[in-house]
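**Student:**
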Amino acid sequence: MAGAVDGRDDSQEHLRGFIQPVQRAWRPECEQADESRKQSQNLNACFDKLTSMIAEAGRVAVPGETSPEQKKKVQKLYVIDTEKTTKVIKKTTANGYYRQRAANEARIRMKKEHSNKKSSRKGRSDE
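Under our numbering, the first residue of the sequence shown carries the number 28, and numbering increases by one thereafter.
If you want it as structure tokens, here you go:
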């Protein structure tokens with residue numbers, strides 16, 4: 028062979044610089060479950076690790092118990108502006124009926140205003 032070095036062809040030497048080792052996983056820093064020789068056991072181990080990682084992320088991201096101060100603050104947000112509503116809203120109700128009713132009235136009023144706005148646009152004509 029012409030140009031052979033130690034029984035190798037020049038083309039093989041040339042290609043060696045272009046070949047990169049293939050990584051085994053998309054994330055090499057991630058742990059893989061290969062504790063067992065059985066694929067099913069490795070799969071179960073992988074799911075166990077994934078479950079624990081998700082649970083840990085949930086513990087970090089989701090806050091714990093709500094404080095009484097925060098509960099009071101949120102409860103004050105439920106009080107609806109009574110200037111535009113016709114019914115009187117009782118702040119303390121056992122079942123929240125009055126709040127629900129006032130919220131429904133406010134929603135219907137907004138829908139009517141939006142409908143009136145759209146119908147007034149339809150009546151216009153630029154002739």
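Glycine residues also receive a C-beta, built at the ideal position from the N, C-alpha and C atoms.
ALA84: buried (16+ other C-beta within 10 angstroms of its C-beta) or exposed?
**Tutor:** Walking along the sequence shown from the start, residue 84 turns up at place 57. The residue in question, ALA84, is exposed, as its Cβ has fewer than 16 Cβ neighbours within 10 Å.
**Student:** Can you look up ARG64 in the DSSP assignment and give me helix, strand or coil?
**Tutor:** For the purposes of this step, residue 64 is identified with residue 37 of the sequence shown, where counting begins at 1. Coil at ARG64, not helix or strand.
**Student:** Kindly give me the distance between the Cβ atoms of LYS71 and ASP61, rounded to whole angstroms, as I take these residues to be in contact under 8 Å.
**Tutor:** Reading the sequence shown from its first residue, position 44 is the one you call residue 71. Reading the sequence shown from its first residue, position 34 is the one you call residue 61. Going by the sequence as given, residue 71 is Asn instead of Lys. Not really, about 13 Å apart at Cβ, beyond 8 Å.
**Student:** Quick check: what's the CA-CA separation for GLN127 versus LYS138?
**Tutor:** Stepping through the sequence shown from its first residue, residue 127 is reached at position 100. Stepping through the sequence shown from its first residue, residue 138 is reached at position 111. Straight-line Cα distance between these residues: approximately 16 Å.
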